[in-house]
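Working notes, structure below.
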Amino acid sequence: MGYHIVFIIGFTSCIYLLLILIYALYPYLRHSDLKKYINDDSFAMVTGSTDDIGKAVALELAKRGANIILHGRNEDKLHSVALEIKEQFPACRVVCINHDGTAVSDIDTAMVSHLNISILVNSVGVGPISPLAEFTDDKVFKTIRLNAMFPSQLTRKLLPQLNRQPSVILNVSSYAAIYPPPYLAVYAGTKAYNNAFSISLSRELENIEVISLITGSVNTGSNTKQITFMRPSAAVYAKYMLSVVGCGRKSIMPYWPHAIQQFLISLFPEKIVDFLTKKALKKELKPSA
Ligand SMILES: NC(=O)c1ccc[n+]([C@@H]2O[C@H](COP(=O)([O-])OP(=O)(O)OC[C@H]3O[C@@H](n4cnc5c(N)ncnc54)[C@H](OP(=O)(O)O)[C@@H]3O)[C@@H](O)[C@H]2O)c1
3 MGYHIVFIIG
13 FTSCIYLLLI
23 LIYALYPYLR
33 HSDLKKYIND
43 DSFAMVTGST
53 DDIGKAVALE
63 LAKRGANIIL
73 HGRNEDKLHS
83 VALEIKEQFP
93 ACRVVCINHD
103 GTAVSDIDTA
113 MVSHLNISIL
123 VNSVGVGPIS
133 PLAEFTDDKV
143 FKTIRLNAMF
153 PSQLTRKLLP
163 QLNRQPSVIL
173 NVSSYAAIYP
183 PPYLAVYAGT
193 KAYNNAFSIS
203 LSRELENIEV
213 ISLITGSVNT
223 GSNTKQITFM
233 RPSAAVYAKY
243 MLSVVGCGRK
253 SIMPYWPHAI
263 QQFLISLFPE
273 KIVDFLTKKA
283 LKKELKPSA
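All residue numbers for the sequence shown refer to the numbering used here, where the first residue is 3 and numbers rise by one.
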């Protein structure tokens, strides 16, 4: 009798662990549903697309047949990314919106209001590293404005267009949203906002898929440490971002090595993780003037 009970508990635990493993691996093993959001007339809008992750996603979307709305704050850079896309994918229609996301004035989307936008990637974001006491009011305002206010207002503005057909919104959050590191308090706060905003919207909207992308380290202009397996290039990361479309998760780390890294870190005592994180981030602090 005792033997049977131990066997049943052991067997049930194994099945339970197997189901957890299948659930964890599923988003990374399936094919992306991105295709269902792309047709000849549909557009994908990517914010902060003049460089790095935003630019890489715009190029990847153009490669997969989407027409592109580029957003940035620098006319020359917008023009040069638009040219790059047109050279590589001549059939792609490209529209540019120049707007500084930190500005108090709202973004003007009138020039794209007639377009069928079925993909919105809220990528733009900055993460200045500094003790909070050394932040100016202006820096706090601009970081919150760009990372939180801007994507919220833009998403709200584009909802009627996104609602015209099945659509997807990808919100680029950060590992800082779930493990807020020191010296990044404002950034971590805004990235937690992106994550919560995204999850709430995914529960609210019927016709629009919404996914929060918990992003680990990616080699970009704002994170210039060298490319490694754990720190992919923006181009590689962009492919993983699009691979999770349709996976059914509200919030996910699209790059699976980041997910494994996060799992392993979660096994360590918080005090040790805090100590090592603080030591690493201290090295990145710029000496105060
Ligand atoms: N890289 C990482 O390791 C990492 C990790 C976690 C999360 N993320 C998130 O991933 C997203 C993209 O990061 P990234 O590293 O690719 O950023 P990035 O290298 O700093 O590029 C940001 C892009 O946004 C544009 N931009 C910056 N400020 C702007 C403003 N005020 N108005 C309009 N456009 C502006 C930049 O344009 P300019 O060229 O004109 O500056 C550039 O095109 C961010 O949300 C970030 O929080 C990145």
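Note that the Cβ used here is the ideal one computed from N, Cα and C, for glycine as well.
Using C-beta distances below 7 Å, list every residue in its chain close to residue i, excluding the 5 sequence neighbours before and after it, in chain order.
| i | result |
| --- | --- |
| I201 | S214, K252, S253 |
| D297 | With the chain running from 3 to 291 in the structure shown, residue 297 is simply not present. |
| D108 | Q155 |
| P259 | F231, M232 |
When burial is assigned at 16 or more other CB atoms within 10 Å of the CB, is residue i buried or exposed?
| i | result |
| --- | --- |
| E211 | buried |
| V83 | buried |
| K281 | exposed |
| V106 | exposed |
| A291 | Interpretation of A291 is limited by its pLDDT of 44, a score under 50 that renders its predicted location unreliable; the figure taken from the coordinates is listed afterwards. Counting Cβ neighbours within 10 Å, A291 comes out exposed, since fewer than 16 surround it. |
| N196 | buried |
| I229 | exposed |
| M232 | exposed |
| G218 | buried |
| I22 | exposed |
| Q90 | exposed |
| P92 | exposed |
| H73 | buried |
| N209 | exposed |
| H116 | exposed |
| H33 | exposed |
| P271 | exposed |
Does the Cβ of residue i lie closer than 7 Å to at least one heavy atom of ligand 1?
| i | result |
| --- | --- |
| L148 | yes |
| P138 | Residue identity check: residue 138 is Thr in the sequence provided, not Pro. Because no heavy atom of ligand 1 lies under 7 Å away, the Cβ of T138 does not count as near it: no. |
| T157 | no |
| R251 | no |
| N225 | yes |
| T222 | yes |
| T217 | yes |
| A236 | yes |
| V123 | no |
| V126 | yes |
| G103 | yes |
| S51 | yes |
| K79 | yes |
| Y181 | no |
| K141 | no |
| K193 | yes |
| D43 | no |
| S115 | no |
| G67 | no |
| I107 | In the sequence under discussion, the amino acid at residue 107 is Ser, which differs from the Ile named in the question. No, ligand 1 has no heavy atom inside 7 Å of this Cβ. |
| T276 | Position check: residue 276 holds Asp in this sequence, whereas Thr was assumed. Result no, Cβ not under 7 Å from ligand 1. |
| D110 | no |
| V96 | no |
| Y177 | yes |
| G56 | yes |
| V174 | yes |
Going by beta carbon distance, what residues of the same chain come within less than 6 Å of residue i, once the five residues before and after it are set aside?
| i | result |
| --- | --- |
| C1 | The question about residue 1 has no answer here: the residues shown for the chain are numbered 3 through 291. |
| I71 | F45, M47, V97, V114 |
| K57 | S51, V83 |
| N149 | G127, T192 |
| Y181 | none |
| Y18 | none |
| P153 | N124 |
Any heavy atom of ligand 2 inside 7 Å of the beta-carbon of residue i?
| i | result |
| --- | --- |
| G74 | The ligand content of the structure shown is limited to ligand 1, which means ligand 2 is not among them. |
Relative to the alpha-carbon of residue i, which residue among the options has its alpha-carbon at the smallest distance?
| i | options | result |
| --- | --- | --- |
| T49 | D43, A237, I99 | I99 |
| K88 | L61, H73, T104, D110 | L61 |
Ignore the nearest five residues each way along the sequence and tell me which others in residue i's own chain have a CB closer than 8 Å to its CB.
| i | result |
| --- | --- |
| I7 | none |
| L160 | M47, T111, I119, L122 |
| L287 | I131, S132, P133, Y185 |
Within the region 36-88, ranges of the beta strand (DSSP E) (whole runs, at least 3 residues)
44-48, 69-74
In the region 163-213, which residue ranges form an unbroken alpha helix (DSSP H) of at least 4 residues, counting only runs that do not cross its ends?
187-206
Threshold first: 3 residues or longer. Then list the beta strand (DSSP E) segments lying entirely within the region 88-112, N to C.
96-100
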